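Asks: After the structure tokens below, expect a handful of questions from me.
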Amino acid sequence: EFIQSDLLKSLPDQFFVSLVKKIASHAAKGHDVINFGQGNPDQPTPGHIIHKLKEAAEMPGNHGYSPFRGLQSFREAAAGFYFREYDVELDPETEIAVLFGGKAGLVEAPLCLLNPGDTVLVPDPGYPDYWSGVAMANAKMEMMPLLEENDFLPDYGKLSDDLLAAARLMFLNYPNNPTGAVASREFFDETVELACKNEICVVHDFAYGAIGFDSHRPVSFLESPGAKEIGIEIYTLSKTYCMAGWRIGFAAGNKSVIQAINLFQDHLYVSLFGAVQKAAAEALSGPQDCLVELNRLYESRRKVLIDGFRKAGWDVEAPKGSFFAWLKVPDGFTSEQFSDYLLENAHIAVAPGSGFGPCGEGYVRAGLLVPEDRIKEAAARIEKLGIFKK
Ligand code: PLP
């Protein structure tokens, strides 16, 4: 056997890899699992995007390497999308980098910007991939608690001056995974001010940018004046256009960070399959009615889940955005114990909140990614458990 590198040895098991394995092994025993666990959209990619892929795949001109920094037509579509949706102007040449899914950018940013020992502010709870690049860069994570009493936004007043002076990078994510919280323009304005004052680079993960409930329209971080001076936003087509398997997204914003990501990627990849980029450009600039339908679908599932779980006696809160419900576990269980309990006794898979950081303890996350009849079935199974007093 080959000896593993110190870098590899420093990496923990990836949270979702372990979760998916656990759910699959339970299903393999023959149980009918209702899977709210992984954030994998269950809807197909809209037909006009698939049509574009087929058409582009049949053109031999798309079969070779695409340019190192991706197709200009895709970067132009991304810039057009930001202008149309958020009134944000971006230069497709210097302010957009094509990514192999949002995940790649989230891991690459710390590797491009940090030296060993540098401090990074990370939301707690937060999407575990923020930790991956930080671990690889051998940088230091400082958690920013996201608490219910503060609408799951970080309380900047609680970060000490020393910590702010030391911090070089900050991750944020709204609409939020896992809490379902959303952020306002004022919050991002405040973030820009704080980041400028302390010279912190902000990486805002906008994976759920298209998913807001009760008529809430998610705000882009780049809408705040000065945001481009101190940060980037990571956009992915995975959730918005149900393209998680296609692995395409982009980073937008600060020129020097975009340049750094591009240089890093020049050494790691060439670029994505040209036909995928052409289809993704069609997603961003073609008809958008699929987004309205998708929001309607998640909003309707949200109602079925919240109504059904409440009827079963579980005191749950409705998310405001993203497609996750963040549910408090009953007394007497840790979040991991309760996730295991639901899997073993009701064949319902959720993600334990503790997997998203210490402040996730006491919660489980349920994705609105199963059809309504299955959500109703899950509510009935929970009611049958009889663990919630009515
Ligand atoms: N960011 C958040 C908050 C996510 O939930 C996800 C996927 O679950 C991603 C980023 C990564 O998405 P992708 O790599 O598919 O673009």
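Numbered according to full-length UniProt numbering, the sequence shown spans residues 2 to 391. Glycine included, C-beta positions come from ideal geometry on N, C-alpha and C. In this text, all values refer to a predicted model and were calculated from it rather than measured experimentally.
Compare the beta carbon distance of Val-89 and Leu-223 with 8 angstroms and say whether it is the shorter of the two.
Replies: Translated into positions along the sequence shown, residue 89 becomes position 88. Translated into positions along the sequence shown, residue 223 becomes position 222. Against a cut-off of 8 angstroms, the Cβ pair of Leu-223 and Val-89 comes out as a contact.
Asks: When you compare only the Cα positions, how much space is there between Pro-68 and Met-144?
Replies: Against the sequence shown, residue 68 aligns to sequence position 67. Against the sequence shown, residue 144 aligns to sequence position 143. Between the C-alpha atoms of Pro-68 and Met-144 there is a straight-line separation of about 38 angstroms.
Asks: Is the beta carbon of Gly-71 less than 8 angstroms from the beta carbon of Ser-272?
Replies: On the sequence shown, position 70 is the one that residue 71 refers to. On the sequence shown, position 271 is the one that residue 272 refers to. Going by C-beta atoms, Gly-71 is nearer than 8 angstroms to Ser-272.
Asks: Is Tyr-83 helix, strand or coil by DSSP?
Replies: In the sequence shown, residue 83 corresponds to position 82, counting from 1. Here Tyr-83 sits in helix by DSSP.
Asks: Please report the Cβ distance between Ala-168 and Ile-201, rounded to the nearest whole angstrom; I am assuming they are in contact, meaning their Cβ atoms lie under 8 angstroms.
Replies: In the sequence shown, residue 168 corresponds to position 167, counting from 1. In the sequence shown, residue 201 corresponds to position 200, counting from 1. The pair is a contact, with the Cβ atoms about 5 angstroms apart (cut-off 8 angstroms).
Asks: Could you check the C-alpha separation between Lys-229 and Asn-255 for me, to the nearest Å?
Replies: If you number the sequence shown from 1, residue 229 lands on position 228. If you number the sequence shown from 1, residue 255 lands on position 254. Using only the alpha carbons, I get a separation of about 5 angstroms.
Asks: From Asp-92 to Phe-207, what distance separates their C-alpha atoms?
Replies: Residue mapping note: residue 92 aligns to position 91 of the sequence shown, counting from 1. Residue mapping note: residue 207 aligns to position 206 of the sequence shown, counting from 1. So the two alpha carbons sit approximately 19 angstroms from each other.
Asks: Does the Cβ of Asn-116 have 16 or more other Cβ atoms within 10 Å, making it buried, or fewer, making it exposed?
Replies: Here residue 116 refers to the residue found at position 115 of the sequence shown. It is exposed - the Cβ of Asn-116 has fewer than 16 other Cβ atoms within 10 Å.
Asks: Taking the beta carbon of Tyr-242 as the centre, do at least 16 other beta carbons fall within 10 Å, making it buried, or is it exposed?
Replies: Translated into the one-based positions of the sequence shown, residue 242 becomes position 241. It counts as buried.
Asks: Please list, in chain order, all residues of the same chain as Arg-186 whose beta carbon is under 8 angstroms from its beta carbon, the five residues on each side excluded.
Replies: Looking up residue 186 in the sequence shown gives position 185. Excluding positions up to five away in sequence, the list reads Val-220, Glu-224, Ser-225.
Asks: CA-CA distance, Ala-211 and Ala-196?
Replies: Stepping through the sequence shown from its first residue, residue 211 is reached at position 210. Stepping through the sequence shown from its first residue, residue 196 is reached at position 195. Put simply, the backbone Cα of Ala-211 is about 25 angstroms away from that of Ala-196.
Asks: Using the Cβ count rule (16 or more neighbours within 10 Å means buried), how would you classify Leu-125?
Replies: Taking the sequence shown and counting its residues from 1, one reaches residue 125 at position 124. Before going on, a small fix: residue 125 reads as Asp here, not Leu. Asp-125 should be labelled buried.
Asks: Please go through the same chain and pick out, in chain order, the residues whose beta-carbon is closer than 7 angstroms to the beta-carbon of Asp-130, but skip the five residues on each side of it.
Replies: For this step, residue 130 is matched to residue 129 along the sequence shown. Counting only Cβ-Cβ distances below 7 angstroms, and skipping sequence neighbours, we find Lys-104, Leu-107, Val-108.
Asks: For Leu-122, name the three-state secondary structure that DSSP assigns.
Replies: Counting from 1 along the sequence shown, the entry for residue 122 is found at position 121. Three-state DSSP puts Leu-122 in a strand.
Asks: Please confirm whether any heavy atom of the ligand PLP lies closer than 7 angstroms to the CB of Gly-250.
Replies: Position 249 of the sequence shown, counted from the first residue, corresponds to residue 250. Result yes, Cβ under 7 angstroms from the ligand PLP.
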